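Everything in the sequence shown is counted per the numbering used here, starting at 1 for the first residue and increasing by one. The beta-carbon is built from N, C-alpha and C at its ideal position, and this holds for glycine as well. Note that the structure is a prediction, hence the values are computed from the model and not measured.
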Amino acid sequence: MLVVRSLAFNTAFYASLIVQMIVWAPFYFLAPRRIAWFVPKFWARSCAWLYATIARTKSDITGVENLPQGSFILAPKHQSFWDAINFFPYLEDPLYILKRELQWIPFFGWYIMKMRMIPVDRGSRAKALKAVVEATRKEMARNPRQLIIYPEGTRRPPGAEPAYKWGIVELYTSLNVPVVPVAHVAGLYWPRRKFLRFPGTIKARFLKPIEPGLPKDKFMERLISETEAACDALLIEAAQSKNPPPMPPSAVKRLAELGISI
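Written out as structure tokens, the structure is:
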């Protein structure tokens, strides 16, 4: 049944994306940008419903009271496609940094451009970061926006040793806005580069914001320690649940370090 449910969900997930992009197109492209956000947020919520209904995996996101008003940076762990679509519905006017090539995809790229995302070229990281900082500053000056950026860059398996990049520090100091860490272990249920979708409850939490003004090293220390501590707690909770998902080697190793045997 696991294979059947996973296949059914994956099919419904991509079918929903295509159908909704077509059905919502007249409203989306004619409505003012802020109102048009209804469409991608509705799609994200419908995906969560499909995930719970077909794959039997619920999403439990807490800590909404920790989200500040106005502009800020949201800094989630990055483990699967789940964390790319389940947080932005909670934000007023989210902002993503995307590969420029994504704008060239017919229809999908047009949706991206409508929301004034920040495209970046591949190449020099220092040059790209400078361009991102400047573009984000301009967007936040026009109206309050919430930048979603993954501090570790690429997806990493649950329990893996932290590998935070310095880019988040430069954004924190240059933009002078709060950073909200986000902890979760979604990769246990929606693994990266895998077809199967395991049942259960994905728990995620918006942590208390780190206010601007800290020295760079102090900020990075807090971001890592607070995020990883919360992720460890969620990993232990998942491992000790009634029907735990399969644990990848990185999670087994981390649990052992925490004194938890499975």
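Whole-angstrom distance between residue j and residue i, CA atom to CA atom
| i | j | result |
| --- | --- | --- |
| residue 235 | residue 79 | 13 Å |
| residue 114 | residue 185 | 31 Å |
| residue 34 | residue 42 | 14 Å |
| residue 225 | residue 76 | 14 Å |
| residue 162 | residue 26 | 43 Å |
| residue 212 | residue 158 | 28 Å |
| residue 195 | residue 8 | 11 Å |
| residue 39 | residue 188 | 28 Å |
| residue 174 | residue 92 | 22 Å |
| residue 253 | residue 261 | 9 Å |
| residue 104 | residue 243 | 43 Å |
| residue 193 | residue 3 | 15 Å |
| residue 207 | residue 66 | 6 Å |
| residue 119 | residue 37 | 19 Å |
| residue 132 | residue 164 | 18 Å |
| residue 135 | residue 237 | 40 Å |
Residue from the options whose Cα sits closest to the Cα of residue i
| i | options | result |
| --- | --- | --- |
| residue 149 | 65, 88 and 115 | 88 |
| residue 273 | 71, 228, 10 and 260 | With the chain represented from 1 up to 262, any question about residue 273 goes unanswered, as that position is not in the structure. |
| residue 111 | 120, 48 and 30 | 30 |
| residue 54 | 71, 200, 216 and 72 | 200 |
| residue 259 | 244, 248 and 240 | 240 |
| residue 45 | 86, 63, 5 and 65 | 86 |
| residue 167 | 204, 206, 217 and 208 | 217 |
| residue 191 | 248, 24 and 256 | 248 |
| residue 181 | 24, 49, 47 and 63 | 63 |
| residue 222 | 82, 210 and 18 | 210 |
| residue 141 | 11, 101 and 71 | 71 |
Beta bridge counterpart(s) of residue i as assigned by DSSP
| i | result |
| --- | --- |
| residue 96 | 148 |
| residue 179 | 73 and 210 |
| residue 217 | Answer is none; residue 217 lacks a bridge partner. |
| residue 204 | 61 and 184 |
Local conformation of residue i per DSSP, three classes
| i | result |
| --- | --- |
| residue 222 | helix |
| residue 105 | coil |
| residue 119 | strand |
| residue 38 | helix |
| residue 317 | The question about residue 317 has no answer here: the residues shown for the chain are numbered 1 through 262. |
| residue 263 | With the chain represented from 1 up to 262, any question about residue 263 goes unanswered, as that position is not in the structure. |
| residue 167 | helix |
| residue 18 | helix |
| residue 80 | coil |
| residue 154 | coil |
| residue 129 | helix |
| residue 1 | coil |
Distance between beta carbons of residue j and residue i, contact taken as under 8 Å
| i | j | result |
| --- | --- | --- |
| residue 59 | residue 160 | At roughly 22 Å, the Cβ-Cβ gap does not stay under 8 Å, so residue 59 and residue 160 are not in contact. |
| residue 177 | residue 73 | 6 Å |
| residue 146 | residue 95 | 6 Å |
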